[in-house]
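**Student:** When the letters of the sequence shown are read in order and numbered with mature numbering (1 follows the signal peptide of the UniProt record, and there is no 0), they come out as residues -25 to -1, 1 to 121. The beta-carbon is built from N, C-alpha and C at its ideal position, and this holds for glycine as well. In this text, all values refer to a predicted model and were calculated from it rather than measured experimentally.
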Amino acid sequence: MNRLLCRCSVLLFVWLLLLHPQTFAAENQVAIVANPEVKDTLDKEEIKQIFLGKKTQWKDNSGITFVLFDNDELLTVFLKTYIGKSPEQFKNFWKKQVFTGKGKMPKAIGTPTELIKFLAETRGAIGFMRSEDVDETQVNILSLQP
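Structure representation (C-alpha cells):
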C-alpha cells in the first residue's frame, strides 16, 4: 500500500511538472528584494499584505514602498505564490482601490537594472525579481519565514 501511494505521489508530481514546468521553475527563482536598510524577515502573509497595500510600515515604523517587476511570467508566478491572485484579479483589486480613493496603482518597473536602482535609492522600498538578476551589493534579499 505504501509503495502504491508513493508511486501515485511521484506520478502526480511528474504530471504537475509536465503540465506547468515554467511555474515550478520560476517559483524557485523569485527573490523578494528591498532597499539595503530593510532588514525585516517576512512571511507569505506579510508579503501579501504589503502588495495589497494593507501593511504600510516596517517594524521600525518607516514607510513601505512596493514596486512590481513588469515581467508577465514572473509577475504571474509572484502573484499566484504570494498574493493568491491572477494578474487580472490583482489589477482589478487596485483599480477598485483607486476608484474608491483608498490607493493608487502600483508602480511597475520593466528591467532588473531599473528595479535594482529604484530599490537601492528608495528608503523602505520592496519588490521582487529573478534570483539570478539580484545584485546583493545594491539591494537586500529578504529572508522568508515559513
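Using only CA atoms, which one of E20, G28, V114 lies nearest to G76?
**Tutor:** The candidate whose alpha carbon is nearest that of G76 is G28.
**Student:** Identify the continuous alpha helix (DSSP H) that holds L90 and give its terminal residues.
**Tutor:** Here the alpha helix (DSSP H) through L90 covers 87 to 96.
**Student:** Can you look up V114 in the DSSP assignment and give me helix, strand or coil?
**Tutor:** V114: coil per DSSP, three-state reduction.
**Student:** Would you kindly check if the distance between the Cβ of I58 and the Cβ of F41 is under 9 Å?
**Tutor:** The answer is no: Cβ separation not under 9 Å.
**Student:** My assumption, with CB atoms under 8 Å, is that I84 sits in contact with D45. Please give the rounded CB distance.
**Tutor:** Their Cβ separation, rounded to whole angstroms, is 6 Å, which keeps I84 and D45 in contact under 8 Å.
**Student:** Taking the C-alpha atoms as reference points, what is the distance between residue 122 and A9?
**Tutor:** A question about residue 122 goes unanswered here, because the residues of the chain that appear run from -25 up to 121.
**Student:** Let me check understanding here. Comparing Cα to Cα, which of K19, W69, N115, S106 lies closest to F93?
**Tutor:** The candidate whose alpha carbon is nearest that of F93 is N115.
**Student:** On the DSSP bridge list, what partners appear for M104?
**Tutor:** For M104, which the question treats as bridged, DSSP gives the partners A6.
**Student:** First and last residue of the beta strand (DSSP E) that includes T40?
**Tutor:** Unbroken beta strand (DSSP E) run through T40: 40 to 44.
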